[in-house]
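Contents: one structure, followed by commentary.
Protein chains: 2
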Amino acid sequence: MKNKINIAVVGLGQIGNYLMNELISKKKDIELKTGKKINLVAVSAKNPNKKRKFKINRKIFFRNPLNIIKTKKIDILFEAIGKSDGISKKIVVNSLKNKIHVITPNKALISKHGDYLSKLAEINKVNLEFEASVAGGIPILKTIKESLATNKIHKILGILNGTTNYILTEMEKTKKSFSDVLKKAQALGYAEPGKPTLDLNGYDAFAKIRILSALAFNNKISKYKCLMEGIENIDSKDIEITNQLNYRIKLLGITELINNKLFERVHPCLVKKDTYIGNVNGVMNAVITHGSPVGESILQGEGAGAGPTSSALMSDLLSILRGNIKYSFGIPDFKRKKINAYNSNNYLNSMYLRIEVKDKPGVLSQITNILAKRNISVERLIQIPDHKKKTASIVIITHKSKEIDVQSCLKNFRLNKNILKRPTLIRLL
Amino acid sequence: MKNKINIAVVGLGQIGNYLMNELISKKKDIELKTGKKINLVAVSAKNPNKKRKFKINRKIFFRNPLNIIKTKKIDILFEAIGKSDGISKKIVVNSLKNKIHVITPNKALISKHGDYLSKLAEINKVNLEFEASVAGGIPILKTIKESLATNKIHKILGILNGTTNYILTEMEKTKKSFSDVLKKAQALGYAEPGKPTLDLNGYDAFAKIRILSALAFNNKISKYKCLMEGIENIDSKDIEITNQLNYRIKLLGITELINNKLFERVHPCLVKKDTYIGNVNGVMNAVITHGSPVGESILQGEGAGAGPTSSALMSDLLSILRGNIKYSFGIPDFKRKKINAYNSNNYLNSMYLRIEVKDKPGVLSQITNILAKRNISVERLIQIPDHKKKTASIVIITHKSKEIDVQSCLKNFRLNKNILKRPTLIRLL
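As given, the protein sequences belong to chains A and B, one line each in that order. According to this note's numbering, the first sequence holds residues 25 to 453 in order. According to this note's numbering, the second sequence holds residues 25 to 453 in order.
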């Protein structure tokens, strides 16, 4: 690699903006640590006139990022537009084909097209780096790829979405409803405006879990339709009851190998209050890796925000500048295998169920009968009456039960007219 | 770097042994991830006949490790003897001078001679890597050097010694005395036999703190005589009382810049039970880094043991094989500066004091008078009488007080005949 490195930044949203400042203010530091001089030669954004912290040099501004590659000699390009397809994908593909290293925080892009893009990088002998795509400032990808490189990893679990973790923490602290807390989160900038569906329904965490699996287990990014549930249906009642039972509710992403089959999932979990993961609160992210010989390894930090994300982008930049060329997913593309999916129907676990019922004789026995028919045995049952409404909440924690049996019970419950709405199901960790 | 890499392992204790197995069993994995073939061409230990998990090939065995360099062409050498001087230092110096990369878990060596050795590596254009020297399997050095490379770090604190953390955790759990728990720790292999002074008195953690400072603040390894206290004087009484006050006692290593001056210290701390660091129990290590823009970043994992240590050694190996050549302390030697020491006398903090006194009138007022004279104001005072012995424990938590004033009180207490022994001082976090 030569000594003067030409850099392009595409996308000047929150992250692109912060990154620009970092690139400008840390030039000397970068030279000291890598021996390379960086030179910002092209910037692209939708609107050149938007108010920004820094002045955009019109001479290096491009409205269409694809023109950057056509007209400038670029060594490293940052893609900070977001979105899995369209111009984001195009600029990354074009860059790699032109032997330009690419750095991106775009989890949607990587979890959807990562296999293709990493192969393209490999063929063109450049880097495709995406540390910032999972858990923001936490260096979990580098840790798996490099620090735990010779470990056999069998499970990774984590809190991978700060928005949902903030909401769950606040619901517990303030005893307010989901929608009230969501509004507060939006006001504070912790949740996107409107309905931030991809955060709330678990999709965001799921994209990250797929990237983590691919790195930890050396498999191609899975395309399986998997167990994915969000937190939209968590009621403050659930928070209150589980709290009394000494649990907290956390939206976890989990990936593991069970009998050499891949089981990826994202759903709310009941975790004990006195565990490590039960105490990761607010917007914090955390990732727990189980490997051999290293044992249990925990990384925690700010999982989002322009600052932590830029920290990860800059770390990728320095990695490339130091000449640390390596495979995007740790090993050559042809060695990455497809791992069969674990059948989640067989998943054996304790479950929390909250069932809202009419408070009249015989209802409880109807419920316990349905459970008994599916071989689901009850470890704990609490009935909380609401005398005004003449209803009751029946809360059940089951012994270990098969997912398929629990789902079949839920279907059955839906046919029962004494059950007032779709029961809440939360799996225990 | 050529494709076939010759490796030597010097020292076949617990760590060297485990490492040998890893090197032998993971050859293919290493080749896949780095494109390099490793070849174990020399091994050295005191006793070739000792029972080991693997057979030692007599043809590659050396009783004197210095002969390895004289007779074999080595590319990378593992030093796993331990000790800061003597043969450990000699073999590392000779290797570097002969352009051999060195990987070591030896914190005593690095914290004492790291400046000299890293300069030697730089001059000879080879790597000196020591990830395993701090916090075992936790990739804290790589995280500071690479993942947080462009962050401004202002403070690092952590639980850096598993032995002492295990002892403190067990004392709380079992309510047993320090010496009983130490015996158990030794039986379980968590503490060395005899009197493991360097663990207990804080020295081990201190060596690690010095290495962390050098990396985080780009300074030469400090030689300052600093605040260092161990856990030998923590009594089960302290554990019990602080527990009731909702605290736990943890031996912390802390390094920070205060007004651009370096403040390194290791001592027991009172930490709130509901904090993250208050819940890192048993033999676990944890490191919290405060940086900008990344924010608070936490790494936790097994800090010792042959498995986690080997995981770190192997990560260094792969780093070298990938050609990730870099400065051992992140920047060129001539740029590493000397940072002046912060005067710990000025350190302002709340303190916990337990003073054992004769239970007779006037004693309490003598104590409070001494405190008042030094401007130390009491936030909380508890007197616990022992009617049988006609003594009492006076427990005080002070408002923020200057270290020098507290030390001067302690001196004064020693002159008072009503005070039965040296009071216990524990700083609040």
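Using N, Cα and C, we set each Cβ at its ideal position, and we do this for glycine too.
Next item on the list: Spell out the partners DSSP gives H314/B in its beta bridges.
Entry: K179/B and E320/B
| query | Does any residue of chain B bring its CB to less than 8 Å from the CB of K296/A? | reply | no
DSSP state of K397/A, grouped into three classes?
helix
Exercise for review: Output, in sequence order along the chain, the residues in the segment 328-340 of chain B whose CB is closer than 7 Å to any CB in chain A.
Suggested key: G331, P332, S334, S335, M338 and S339
| task | Could you tell me if N348/A is buried or exposed, where buried requires 16 or more neighbouring beta carbons within 10 angstroms of its beta carbon? | result | Answer is buried; the Cβ neighbour count reaches 16.
- Message: What would DSSP say about M375/B, mapped onto helix, strand or coil?
- Response: M375/B: strand per DSSP, three-state reduction.
>> For M252/A, list the residues DSSP reports as bridge partners.
In response: According to DSSP, M252/A bridges with V290/A.
Check: For V33/B versus F102/B, is the C-beta spacing smaller than 8 Å?
Finding: In contact: V33/B and F102/B (Cβ atoms closer than 8 Å).
**Message:** Taking 8 Å as the threshold (beta carbon to beta carbon), is Y300/A in contact with chain B?
**Reply:** yes
Note to self: To the nearest angstrom, how far is the alpha carbon of G213/A from that of L36/A?
What the structure shows: One C-alpha to the other measures close to 18 Å.
In this structure, how does DSSP classify F86/A when only helix, strand and coil are distinguished? It is a strand residue.
Practice task
Assign N399/B to one of two classes, buried (16 or more other C-beta atoms within 10 Å of its C-beta) or exposed (fewer than that).
Solution key: exposed
For N305/A and L236/A, the rounded distance between their alpha carbons: 22 Å
Nearest neighbour of R234/A, chosen from T279/A, K208/A, K200/A and T198/A [CA to CA]: T279/A
> What's the gap between the Cα of N88/A and the Cα of I115/A?
Replying inline: 10 Å
- Query: From which residue to which residue does the beta strand (DSSP E) around H125/A run?
  - Reply: Membership of H125/A in the beta strand (DSSP E) is indicated by the continuous run H125 to I127.
Legend entry - Three-way DSSP call (helix, strand, coil) for E264/A in this model: helix
For P129/B, does the count of other Cβ atoms within 10 angstroms reach 16, so buried, or fall short, so exposed?
-> buried
So does the segment 366-384 of chain B actually touch the segment 409-417 of chain B, counting three or more Cβ pairs closer than 8 Å? yes
For V150/B, I'd like the list of residues in its chain whose CB is within less than 7 Å of its CB, leaving aside the five on either flank, ordered along the chain. L120, K123, I124 and H125
Between L47/A, S135/A and G40/A, which has its C-alpha nearest I105/A's C-alpha?
G40/A
> If the cut is a Cβ gap below 7 Å, which residues of chain A does N303/B touch?
Replying inline: Y300 and N303
Is the Cβ-Cβ distance between S203/B and S260/B less than 8 Å?
no
Cut-off 6 Å between Cβ atoms - residues of its own chain near H423/B, not counting five sequence neighbours on either side = S401 and E403, listed in sequence order.
Output, in chain order, the set of chain B residues within a Cβ distance shorter than 7 Å of K70/A. Within 7 Å Cβ-Cβ: nothing; K70/A doesn't reach chain B, min ~25 Å.
- Query: How many Å lie between N45/B and T333/B at the Cα?
  - Reply: 13 Å
### Query
In terms of residue numbering, what span does the alpha helix (DSSP H) encompassing V116/B cover?
G110 to K121
Quiz item: Distance, Cα to Cα, G277/A vs V290/A?
Solution: 4 Å
Please list, in chain order, the residues of the segment 142-173 of chain B that have any C-beta partner in chain A closer than 8 Å. E155, G161, I162, P163, K166, T167, E170, S171, L172 and A173
Along chain B, which residues have their Cβ under 7 Å away from the Cβ of N348/A? R346 and N348
Would you mind reading off the limits of the alpha helix (DSSP H) that contains N30/A? Not the alpha helix (DSSP H): N30/A falls in the beta strand (DSSP E), residues K28 to V34.
Review point. For the alpha helix (DSSP H) that contains R460/A, what are its first and last residues?
Key: Residue 460/A cannot be examined here, being either before or after the span of chain A that is shown, 25 to 453.
* To do: Please name the residues in the segment 237-252 of chain A whose beta-carbon is closer than 8 Å to at least one beta-carbon of chain B, in chain order.
  => Taking 8 Å as the cut-off between beta carbons, none of the residues of the segment 237-252 of chain A comes near chain B.
Under 7 Å from the C-beta of N175/B: neighbouring residues of chain A: S335
Cα-Cα separation, N303/A to K274/A: Rounded to the nearest angstrom, the two C-alpha atoms are 10 Å apart.
Inset, instruction - Return helix, strand or coil for S201/A, following the three-state DSSP convention. - result: coil
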